[in-house]
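Read the structure below first, then the notes.
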């Protein structure tokens, strides 16, 4: 998983979200902002939970809106679309889609 820097507000929020749903993700790397995280995801570094702050149309990613996350912000899971996904990424995406239908809504 690509995450926000652990010292940022969004880094702390996303860490709390993972903890709340019982997920202890393997962190691949940390990004400073959405553009950096989108770039890493679009290059195949993994999936990410991000705020919906910047336009992602220039990136080859798919976003899934996360509802009822307990946050005051809209957050999304992003992953590289139309490409091979390693088993761990597939498993994480499947987990999100299968177990959280009431929380997650597929987008673009």
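In full-length UniProt numbering, the protein residues as written are 1 to 108.
Note that beta-carbon positions come from the ideal geometry of N, C-alpha and C, so glycine has one too.
Item	Value
Reference residue 28, options 84, 65, 97 and 88, closest by Cα	88
Cα-Cα separation, residue 62 to residue 17	20 Å
Under 7 Å between C-beta atoms of residue 44 and residue 80	yes
Residue 1 versus 41, 58, 84 and 57, residue with shortest Cα-Cα distance	41
Closer than 7 Å to chain C by CB, residue 12	Looking at the structure shown, chain C is missing, and only one protein chain is on hand.
Residue 105 classed as buried or exposed, judged by whether at least 16 other C-beta atoms fall within 10 angstroms	In this prediction, residue 105 scores a pLDDT of 47, lower than 50, which makes its location untrustworthy; no coordinate-derived value is stated.
Beta-bridge partners of residue 30, as assigned by DSSP	3
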